[in-house]
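Before any comments, here is the structure.
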Amino acid sequence: MEITIDGVRFDVLDEGSGPAIVLLHGFPLAKEVWDPQAQALRKRARVVRFDLRGLGRSSVPPGPYLMETVASDVAGILDALGIERATIVGHSMGGYVTFAFYRMFAERCAGLGFICSRPNADDPAAAAARLALAETAEHDGIAAVVDAFVPRYFAPDVYERRPDWVAELRAVAGATDPRGAAAMLRGIAARVASNDLFAEIEIPVSIVAGTQDAFFSVDEVRPMSKEIARASLHVLECGHFPGWERPDDVAGVLAALLDAANVRA
Numbered sequence: 000m001e002i003t004i005d006g007v008r009f010d011v012l013d014e015g016s017g018p019a020i021v022l023l024h025g026f027p028l029a030k031e032v033w034d035p036q037a038q039a040l041r042k043r044a045r046v047v048r049f050d051l052r053g054l055g056r057s058s059v060p061p062g063p064y065l066m067e068t069v070a071s072d073v074a075g076i077l078d079a080l081g082i083e084r085a086t087i088v089g090h091s092m093g094g095y096v097t098f099a100f101y102r103m104f105a106e107r108c109a110g111l112g113f114i115c116s117r118p119n120a121d122d123p124a125a126a127a128a129r130l131a132l133a134e135t136a137e138h139d140g141i142a143a144v145v146d147a148f149v150p151r152y153f154a155p156d157v158y159e160r161r162p163d164w165v166a167e168l169r170a171v172a173g174a175t176d177p178r179g180a181a182a183m184l185r186g187i188a189a190r191v192a193s194n195d196l197f198a199e200i201e202i203p204v205s206i207v208a209g210t211q212d213a214f215f216s217v218d219e220v221r222p223m224s225k226e227i228a229r230a231s232l233h234v235l236e237c238g239h240f241p242g243w244e245r246p247d248d249v250a251g252v253l254a255a256l257l258d259a260a261n262v263r264a
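Under numbering that gives the first Met the number 0, the first residue of the sequence shown is numbered 0, with each subsequent residue one higher.
Structure follows, in structure tokens:
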């Protein structure tokens, strides 16, 4: 379905019934990357996912897309669907949005999930690299963005073992409007750290980390599990894309998170 909020059109999937869970995809991808988990979870929950602004089939408004802006989009989607509270789960960049959503709308969060994501802001060098990539995308097209991300998504052996996965994600990323990619890169570069939220988070939190994640090490995310009261850390043998490399494990983690959020509710 399509939902329009303040002139921005979002492509949305709303499946199943029960407690709501929102699955937020990473960059520069689309909602379909959650297919394995959505298929498993919609038997027990209302699974909502959508293409974030500027990505997938959603429209491409002017940027930059601050994480707070994208979090407001999540709230608008929930409002349009008549959902008051939900468990919010983000993969990679989607985790940045999840933190921003909690900061702005904590009362609407039943639980939080972070799949290969982290609370830190970019250091100056990382922010500069993102901004430079945004400029390249706008001037030369999406190819440089695809080349910067897809070769780092999976554990090394996957590139030989599952070339079909690599081709599929390359196609998804390659279909991204370069204007949307640039606007999102600028928003990611401008994000604030979220470590200050740890002490106040009292709802269930599940964290998944990959032992071969080329973007974030397990050590970078481990403090989240120690400093958030009701957080659990699940370390999987995989790269940055456990949703595909270890689909059943990720679905199981999210099912347990839903149960914990439901008990609390």
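Don't be surprised by glycine CBs; every beta carbon is placed ideally from N, CA and C. Model, not experiment: these values are computed from the prediction.
Which of helix, strand or coil DSSP assigns to residue i
i: glutamate 137; result: helix
i: isoleucine 206; result: strand
i: phenylalanine 148; result: helix
i: leucine 51; result: coil
i: alanine 85; result: strand
i: valine 252; result: helix
i: serine 216; result: coil
i: arginine 102; result: helix
i: aspartate 10; result: strand
i: leucine 130; result: helix
i: glycine 93; result: helix
i: glycine 17; result: coil
i: phenylalanine 197; result: helix
i: serine 57; result: coil
i: serine 224; result: helix
i: glycine 25; result: coil
i: arginine 229; result: coil
i: valine 65; result: Valine is not the amino acid found at residue 65; the sequence shown has leucine there. Leucine 65 falls in the coil class under three-state DSSP.
i: glycine 173; result: helix
i: glutamate 1; result: strand
i: arginine 45; result: strand
i: valine 191; result: coil
With 16 other Cβ atoms within 10 Å as the buried cut-off, status of residue i
i: valine 171; result: buried
i: glutamate 199; result: exposed
i: aspartate 50; result: buried
i: glycine 81; result: exposed
i: alanine 182; result: buried
i: alanine 208; result: buried
i: glycine 94; result: buried
i: arginine 48; result: buried
i: glycine 6; result: exposed
i: alanine 230; result: buried
i: arginine 160; result: exposed
7 angstroms Cβ shell around residue i - same chain, five flanking residues per side excluded
i: alanine 250; result: Pro35, Gln36, Ala39 and Leu40
i: tyrosine 152; result: Leu168, Gly238, His239 and Phe240
i: methionine 92; result: Gly25, Phe26 and Ile187
i: valine 234; result: Ala208, Thr210 and Val217
Pairwise C-alpha distance: residue j and residue i
i: tryptophan 33; j: valine 252; result: 14 angstroms
i: proline 203; j: aspartate 139; result: 43 angstroms
i: proline 162; j: aspartate 156; result: 10 angstroms
i: proline 18; j: methionine 0; result: 20 angstroms
i: glycine 186; j: alanine 254; result: 31 angstroms
i: glutamate 244; j: aspartate 258; result: 24 angstroms
i: glutamate 31; j: glutamate 226; result: 32 angstroms
i: alanine 143; j: valine 262; result: 45 angstroms
i: aspartate 78; j: glutamate 137; result: 33 angstroms
i: alanine 85; j: valine 149; result: 30 angstroms
i: valine 88; j: threonine 135; result: 30 angstroms
i: alanine 124; j: valine 11; result: 35 angstroms
i: tyrosine 64; j: leucine 184; result: 8 angstroms
i: proline 177; j: arginine 52; result: 12 angstroms
i: serine 71; j: aspartate 247; result: 30 angstroms
i: alanine 105; j: phenylalanine 113; result: 16 angstroms
i: alanine 99; j: phenylalanine 197; result: 13 angstroms
i: arginine 107; j: methionine 66; result: 17 angstroms
Beta-carbon proximity list for residue i, same chain, < 6 angstroms, skipping 5 on both sides
i: alanine 126; result: Ala188
i: asparagine 119; result: Ala192
i: alanine 154; result: Gln211, Cys237 and Gly238
i: serine 16; result: Arg45
i: arginine 117; result: Phe215, Glu219 and Val220
Contacting residues, own chain, Cβ-Cβ under 8 angstroms from residue i (five flanking each side not counted)
i: threonine 3; result: Phe9
i: alanine 260; result: Pro18, Thr86, Ala109, Gly110, Ile202 and Pro203
i: aspartate 121; result: Arg129, Ile187, Ala188 and Arg190
i: arginine 221; result: Ala208 and Leu232
i: alanine 180; result: Phe26, Pro27, Gly53, Leu54, Ala133, Ala136, Ile141 and Val144
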